[in-house]
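Here this note's numbering is used: position 453 in the sequence shown is 498, and no number is missing along the way.
Every residue gets a Cβ at the ideal spot worked out from N, C-alpha and C, and that includes glycine.
Everything below concerns the one structure shown next.
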Amino acid sequence: MVPLIEALAILGGSVGIVRFSEIFDVERTNEEDWFDPDLSIDTPLFIDPVMLLQSGQYWKDAHAELVNHFSFCYPLVAKSTSPRSNSAVIAQKLLTFPEPSEFCLGYTVAGTAGSGSGRGFARTLTDAIAIAIDAGLEKPEHIEELGILSERFGADRISDATCNVLKHRFIDYTQRVCLRHDIPLQNHKVRNSRVDLSVQRWVSERVLLPTNPVDGSPVILVPQRFLNELPTLNAEDWFDSNLNADLRAELNIEIGQRVSKSDLVQIARRNPDRVRRWIESQACRGDLDGYDFSGDPLGVAHFDGPPVDFATANPIKVGRRPPMNQDELSDLVSHILTKFKLFIEQQRGWELLWNEDGTEKREGAVQLAFLGMARHYLAQHSVEVDREVELGRGPVDFKLSCGTGVKLLIEVKKVHNGKFWNGLEAQLPSYLVSDEASEGWFVAIRYRDSTSSEKRVGELPQRVKALNKGATRYRFLTIDARPKTSASKL
């Protein structure tokens, strides 16, 4: 076990370790069922409530507690006469779910502090409950039902609600894990540590939890088997089920054909009985699974494995530490990207970007692989890196900075992405203006042999050159992520 002060020293050193298990020197065995979070960024996975029912009685009771919280709110919404009525105000308070940053889960926006479910969304949620009640669903059996009847109650909101209502259980779970591994605990003030329905309010308390050395905040662990990319009970799977074959035929829609969430919500609201029947049939299945950590389609499980191993074995010796001006930072980033290109193209790093069935992983997988490697090098040069930083018209993939004046942005795009040129010629320039940055990198990742991909790669140098007519500097790199034949098979 590593003492907290030593963990802080490790984090600030050259390696940049940020996995919970590495910070606290925990040797994981097959018996360990907790998810090992990266403590510097949110992992884009969510707690899937129905997976609680696949575990022992403690977690089945937790699911009942979650549903009961919403059941308590349904009558309050039903009898409210206006948004300012007493019952409406109480319901909105109980349905306000702040982003539970202690879990390090969800959609990242510059670290581990997302937007969460604030008061504005609570009003949206009360509207969704009112719609469910009007549709004849007067008492919830699964909170995901609201995600089928409402556009804005998606994976992140459902997970936030689950984390808030059941936070006291996850705190207890974390404490037991830490006791087993002799991990130091400190007193932390935890918002919404529990809810007391008898007095209709959230309770914030000081509790013992491990400390995140990145920012000094508390850390809460969850069983890995509860995590998923999307809720098992979701609108798309409901609509594609055999139960709705006649509805799809009426609308002339094939199974798997893309239908907007707003259209799905309207269809579901007209057919609430079908929503309830499908949910009941799915929730009792014994073969439900959470996220596939072995196949890792999102690239969240191994991005700090092989990329970091490669970086450790291939140090970069360039410039001053930290970079003192824009040219020095640019030179450092150029060297890091060159190393990443070598890793992907020549060291089988491309394998991290493909699924076992031969399909491409999402763009986020290559972003995470780059982050894993870049973070190692950048920590050695005291350069900060933030992923998915919100800059006006959307989030840029990476922002690197030394203080406030020396910085640059990096945008990563698959070559065959329909918004490839928009990413270079509209998104990146917009981000640079919003951040008042003078340099942007465009990293093009090629996955396909197609003529169109070949053409885009060929045109890229001239398109970048056309942008370099003002004070802002644009640079690019193309990385070939197409699967390579093993040398032994040539």
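Pair within 8 angstroms by beta-carbon distance, residue i and residue j
{"i": "V488", "j": "V457", "result": "yes"}
{"i": "I490", "j": "R314", "result": "no"}
{"i": "A136", "j": "S127", "result": "no"}
{"i": "D14", "j": "D83", "result": "This structure gives no information on residue 14, because the portion of the chain shown stretches from 46 to 535."}
{"i": "E504", "j": "K459", "result": "no"}
{"i": "E147", "j": "I265", "result": "yes"}
{"i": "V267", "j": "I524", "result": "no"}
{"i": "N273", "j": "G331", "result": "no"}
{"i": "A356", "j": "K384", "result": "yes"}
{"i": "M418", "j": "F443", "result": "no"}
{"i": "L211", "j": "L98", "result": "no"}
{"i": "W323", "j": "W283", "result": "yes"}
DSSP state of residue i mapped onto helix, strand, coil
{"i": "C208", "result": "helix"}
{"i": "E504", "result": "helix"}
{"i": "D431", "result": "strand"}
{"i": "E77", "result": "coil"}
{"i": "I174", "result": "helix"}
{"i": "V154", "result": "Because V154 carries a pLDDT of 49, less than 50, the predicted location of this residue cannot be relied on, and no value is offered for it."}
{"i": "V488", "result": "strand"}
{"i": "I55", "result": "With a pLDDT of 44 at I55, under the threshold of 50, the predicted position of this residue should be treated as unreliable, though the coordinate-derived value follows. In this structure, I55 counts as helix in the three-state DSSP scheme."}
{"i": "I86", "result": "coil"}
{"i": "N232", "result": "strand"}
{"i": "V259", "result": "coil"}
{"i": "S475", "result": "helix"}
{"i": "D93", "result": "coil"}
{"i": "C447", "result": "strand"}
{"i": "T126", "result": "coil"}
Per-residue burial, residue i [other beta carbons within 10 Å of its own, 16 or more giving buried]
{"i": "G159", "result": "Reliability of the predicted coordinates at G159 is poor, the pLDDT of 46 falling under 50, and the value obtained from them is presented with this limitation in mind. Classification of G159: buried, given that the 10 Å Cβ count is 16 or more."}
{"i": "Q412", "result": "buried"}
{"i": "A511", "result": "exposed"}
{"i": "T277", "result": "buried"}
{"i": "S375", "result": "buried"}
{"i": "P528", "result": "exposed"}
{"i": "P263", "result": "buried"}
{"i": "Q102", "result": "exposed"}
{"i": "T207", "result": "buried"}
{"i": "R420", "result": "buried"}
{"i": "Q425", "result": "buried"}
Nearest candidate by alpha-carbon position, reference residue i, set the options
{"i": "L343", "options": "K212, L423 and L397", "result": "L397"}
{"i": "V240", "options": "S249, S375, N232 and K234", "result": "S249"}
{"i": "L150", "options": "S379, S262 and D201", "result": "D201"}
{"i": "L567", "options": "R293, N237 and Q220", "result": "Summary: the structure shown does not reach residue 567, with the chain confined to residues 46 through 535, and so no result is reported for it."}
{"i": "F521", "options": "T530, D260 and G468", "result": "G468"}
{"i": "L473", "options": "C208, S495, N513 and P367", "result": "N513"}
{"i": "I228", "options": "G340, W247 and T256", "result": "T256"}
{"i": "K234", "options": "W247, L224, R225 and V252", "result": "V252"}
{"i": "E144", "options": "A358, R236, T496 and S132", "result": "R236"}
Integer Cβ distance of residue i from residue j, believed to fall under 8 angstroms
{"i": "L254", "j": "I216", "result": "7 angstroms"}
{"i": "E196", "j": "K306", "result": "5 angstroms"}
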